[in-house]
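Counting from 10, one number per residue, gives the positions in the sequence shown under my numbering. Heads up, the beta-carbon is just placed ideally off N, CA and C, and yes, glycines get one too. Everything on this sheet refers to the single structure shown next.
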Amino acid sequence: MTLRSVIVGSGSALPVRAVTNAELAQTVDTSDEWIVERSGIHVRYIAGEGETTSTLATDAARRALDAAGIDAASIDLIIVATATPDQTFPATATIVQHNLGCNGGIAFDVAAVCSGFLYALTTADALLRAGPAKRALVIGAETFSRILDWEDRTTCVLFGDGAGALVLEAREVDAADPSAPGIIASRLHADGRYNDMLFVDGGPSTTGTVGKLRMKGREVFRHAVTNLATVLEEVLDASGHVPADIDWVVPHQANIRILDATARKLGLPPEKVVVTVDIHANTSAASVPLAYDTAVRDGRIRPGNLVVLEAMGGGFTWGACIARV
Numbered sequence: 010m011t012l013r014s015v016i017v018g019s020g021s022a023l024p025v026r027a028v029t030n031a032e033l034a035q036t037v038d039t040s041d042e043w044i045v046e047r048s049g050i051h052v053r054y055i056a057g058e059g060e061t062t063s064t065l066a067t068d069a070a071r072r073a074l075d076a077a078g079i080d081a082a083s084i085d086l087i088i089v090a091t092a093t094p095d096q097t098f099p100a101t102a103t104i105v106q107h108n109l110g111c112n113g114g115i116a117f118d119v120a121a122v123c124s125g126f127l128y129a130l131t132t133a134d135a136l137l138r139a140g141p142a143k144r145a146l147v148i149g150a151e152t153f154s155r156i157l158d159w160e161d162r163t164t165c166v167l168f169g170d171g172a173g174a175l176v177l178e179a180r181e182v183d184a185a186d187p188s189a190p191g192i193i194a195s196r197l198h199a200d201g202r203y204n205d206m207l208f209v210d211g212g213p214s215t216t217g218t219v220g221k222l223r224m225k226g227r228e229v230f231r232h233a234v235t236n237l238a239t240v241l242e243e244v245l246d247a248s249g250h251v252p253a254d255i256d257w258v259v260p261h262q263a264n265i266r267i268l269d270a271t272a273r274k275l276g277l278p279p280e281k282v283v284v285t286v287d288i289h290a291n292t293s294a295a296s297v298p299l300a301y302d303t304a305v306r307d308g309r310i311r312p313g314n315l316v317v318l319e320a321m322g323g324g325f326t327w328g329a330c331i332a333r334v
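Next comes the structure, spelled out in structure tokens:
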């Protein structure tokens with residue numbers, strides 16, 4: 010028998026306000042056609058007054074707990090992946106922990122931008138298998154709209170706000186059984202040489218300000234397709250699977266062209282790729298769990314499916330995870 014981290018529930022949350030491309034075009038020099046052609050995005054959600062990264066994360070966590078049928082008091086590990094925390098410190102995870110009423114366990118944030126959820130998930134998996142925790146909430150949550158330059162039409166139209174969460178539970182399973190649930194393999198990478206291709210031009214230690222997002226889109230696209238295809242091959246090799254075994258790929262929802270190009274590079278049919286970028290835009294660390302929960306709730310992802318999660322973000326950072334759900 011082998012100890013694995015099993016996904017037992019998922020949840021998500023979006024701000025109240027949905028903003029269409031047509032509405033955005035009233036204040037930004039852009040058009041619905043321009044945005045859709047370059048990204049596949051039709052609408053995004055923008056946080057309003059009283060909506061923060063922690064409130065979205067808390068709502069997503071509660072829905073994940075409800076789906077799992079688990080009381081928050083049994084959660085002894087909370088990791089929040091975010092690039093837009095409520096405060097510089099303390100960690101947003103501690104705010105979520107207090108909101109849920111499960112104080113006393115482990116709670117911290119992970120900062121790896123769009124790859125943050127994969128970093129958080131892999132970290133939670135390691136802690137569950139090592140023994141410090143038995144049940145974990147892994148959350149990706151962002152209010153990215155608050156670090157956008159709304160005069161830069163090449164970036165501000167691409168992002169939105171939201172949160173997604175998974176509940177993990179440490180369970181003994183028969184690893185020799187191909188149907189055994191749980192996280193099978195994960196791989197993470199980073200390459201700091203590419204900092205200036207996707208970054209925020211501020212921070213407490215440098216400018217003393219939050220700063221705004223800056224991106225070189227063409228360069229990011231090129232690296233994303235190569236890095237994501239490579240890391241997907243790595244987790245498949247590590248798990249002993251081939252692309253044909255995959256039931257669903259849940260990718261970071263950055264751009265429909267990246268999703269399509271990555272699938273083609275691996276020889277995966279597009280109908281196996283969960284796509285929500287059209288209705289959520291790029292929600293950074295929230296993107297993967299938000300897409301996962303959407304696909305669970307609409308019936309696409311079902312118990313027993315073999316699912317691959319993957320993402321790439323600023324840093325560059327990238328990673329992938331394969332799990333039987």
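Cβ atoms of Thr326 and Ser21: under 8 angstroms apart, would you say? The residue you call residue 21 lines up with position 12 of the sequence shown. The residue you call residue 326 lines up with position 317 of the sequence shown. The answer is no: Cβ separation not under 8 angstroms.
Using the DSSP secondary-structure output, state which residues sit across from Tyr128 in a beta bridge. Within the sequence shown, the letter at position 119 stands for residue 128. Its beta-bridge partners do not exist; DSSP assigns none.
CA-CA distance, Ala322 and Gly201? In the sequence shown, residue 322 corresponds to position 313, counting from 1. In the sequence shown, residue 201 corresponds to position 192, counting from 1. Checking the displayed sequence, the identity of residue 322 turns out to be Gly instead of Ala. So the two alpha carbons sit approximately 11 angstroms from each other.
Nearest-angstrom Cα separation, counted from Pro252 out to Ala270: By 1-based counting over the sequence shown, the position of residue 270 is 261. By 1-based counting over the sequence shown, the position of residue 252 is 243. Per the coordinates, the alpha-carbon of Ala270 lies some 15 angstroms from the alpha-carbon of Pro252.
Return the first residue and the last residue of the alpha helix (DSSP H) that Asp41 is part of. Mapped onto the sequence shown, residue 41 falls at position 32. First-last of the alpha helix (DSSP H) with Asp41: Asp41 to Ser48.
Can you tell me the Cβ-Cβ gap for Arg155 and Thr218, rounded? I've got them flagged as a contact below 8 angstroms. The count along the sequence shown starts at 1 and reaches residue 155 at position 146. The count along the sequence shown starts at 1 and reaches residue 218 at position 209. Between Thr218 and Arg155 the Cβ distance is about 12 angstroms, and since that is not below 8 angstroms, they are no contact.
Three Cβ pairs or more, each shorter than 8 angstroms: is that satisfied between the region 269 to 287 and the region 140 to 153? Contact between the region 269 to 287 and the region 140 to 153 is absent: fewer than three C-beta pairs spanning the two stretches fall below 8 angstroms.
For the beta strand (DSSP E) that Thr271 lies in, which residues bound it at each end? The sequence position of residue 271 within the sequence shown is 262, counting from 1. DSSP places Thr271 in no beta strand (DSSP E) but in the uninterrupted alpha helix (DSSP H) bounded by Ile265 to Leu275.
Ignoring anything shorter than 3 residues, give me the beta strand (DSSP E) runs that lie fully in the region 201 to 228, in order along the chain. 207 to 209 and 222 to 224
Between Ala90 and the rest of its own chain, which residues show a CB-CB distance below 6 angstroms, the 5 nearest in sequence each way excluded? Your numbering for residue 90 matches position 81 in the sequence shown. So the qualifying residues of the chain are Val119, Gly125, Phe126, Ala129, Gly149 and Ala294.
Roughly how far, in whole angstroms, is the beta-carbon of Ala133 from the beta-carbon of Ala145, given that I think they are within contact range, below 8 angstroms? As a position in the sequence shown, residue 133 is number 124, starting the count at 1. As a position in the sequence shown, residue 145 is number 136, starting the count at 1. So it is a contact: roughly 4 angstroms between Cβ atoms.
Measure the C-alpha to C-alpha separation of Gly114 and Arg47 and round it to an integer number of angstroms. Taking the first residue of the sequence shown as position 1, residue 114 is located at position 105. Taking the first residue of the sequence shown as position 1, residue 47 is located at position 38. Approximately 44 angstroms between the Cα atoms of the pair.
Helix, strand or coil for Leu146 per DSSP? Mapped onto the sequence shown, residue 146 falls at position 137. In the structure shown, Leu146 sits in a strand (DSSP, three-state: E or B).
With Leu5 and Gly328 assumed to form a contact (beta carbons below 8 angstroms), what rounded beta-carbon distance in angstroms separates them? Outside the shown range of the chain, which is 10 to 334, sits residue 5, and nothing can be said about it.
Trp257: buried (16+ other C-beta within 10 angstroms of its C-beta) or exposed? Here the question's residue 257 lines up with position 248 in the sequence shown. It counts as buried.
Looking at the unbroken beta strand (DSSP E) that takes in Ser154, where does it start and where does it end? In the sequence shown, counting from the first residue as 1, residue 154 sits at position 145. No beta strand (DSSP E) contains Ser154, which DSSP labels as neither H nor E.
Enclosing beta strand (DSSP E) for His107 [first to last residue]: Here residue 107 is taken as the residue at index 98 of the sequence shown, counted from 1. Note, His107: premise wrong, no beta strand (DSSP E); alpha helix (DSSP H) at Thr101 to Leu109.
Taking the beta strand (DSSP E) that Val288 belongs to, which residues open and close that run? Taking the first residue of the sequence shown as position 1, residue 288 is located at position 279. Strictly speaking, residue 288 in this sequence is Ile, with Val absent from that position. Note, Ile288: premise wrong, no beta strand (DSSP E); alpha helix (DSSP H) at Val286 to His289.
Three-way DSSP call (helix, strand, coil) for Arg26 in this model: In the sequence shown, counting from the first residue as 1, residue 26 sits at position 17. It is a strand residue.
Mind checking which residues open and close the alpha helix (DSSP H) that includes Ser296? Along the sequence shown, read from residue 1 onward, the residue named residue 296 stands at position 287. Ser296 to Arg306 is the extent of the alpha helix (DSSP H) around Ser296.
Any contact of the region 99 to 108 with the region 306 to 313, i.e. 3+ C-beta pairs under 8 angstroms? no
What is the DSSP secondary structure of Phe325, reduced to helix, strand or coil? Translated into the one-based positions of the sequence shown, residue 325 becomes position 316. If DSSP states are grouped into helix, strand and coil, Phe325 belongs with coil.
Please confirm whether Gly191 and Ser14 have their CB atoms less than 8 angstroms apart. As a working note, residue 191 is residue 182 in the sequence shown. As a working note, residue 14 is residue 5 in the sequence shown. Cβ atoms of Gly191 and Ser14: closer than 8 angstroms.
Can you look up His198 in the DSSP assignment and give me helix, strand or coil? Locating residue 198 in the sequence shown gives position 189, where the first residue counts as 1. Residue state, collapsed to three classes: strand.
When DSSP labels each residue in this structure, what does Glu160 get in the three-state scheme? As a working mapping, residue 160 is identified with position 151 in the sequence shown. Residue state, collapsed to three classes: coil.
Might you give, ordered along the chain, the residues of its own chain that have their beta carbon closer than 7 angstroms to the beta carbon of Thr61, omitting 5 neighbours on each side? Position 52 of the sequence shown, counted from the first residue, corresponds to residue 61. Excluding residues within five positions, the ones whose Cβ falls inside 7 angstroms are Asp95 and Thr152.
Helix, strand or coil: how does DSSP classify Thr11 here? Sequence index remark: in the sequence shown, residue 11 carries index 2 (1-based). In the structure shown, Thr11 sits in a strand (DSSP, three-state: E or B).
Could you tell me which residues DSSP puts in a beta bridge with Gly173? Within the sequence shown, numbered from 1, the residue matching residue 173 stands at position 164. DSSP lists Ser21 and Gly149 as partners of Gly173.
Is DSSP giving Pro252 helix, strand or coil here? What you label residue 252 is simply residue 243 of the sequence shown in a count that begins at 1. In this structure, Pro252 counts as helix in the three-state DSSP scheme.
Using the C-alpha atoms, what's the distance from Arg180 back to Thr97? Taking the sequence shown and counting its residues from 1, the one referred to as residue 97 is at position 88. Taking the sequence shown and counting its residues from 1, the one referred to as residue 180 is at position 171. Separation of Thr97 and Arg180 (C-alpha to C-alpha, rounded to the nearest whole angstrom) is 35 angstroms.
Kindly indicate which three-state DSSP category Val37 falls into: helix, strand or coil? Position 28 of the sequence shown, counted from the start, is the residue given in the question as residue 37. Coil, per DSSP.
Decide yes or no for the touch test of the region 29 to 39 against the region 57 to 77: beta carbon pairs closer than 8 angstroms, at least 3 of them. no
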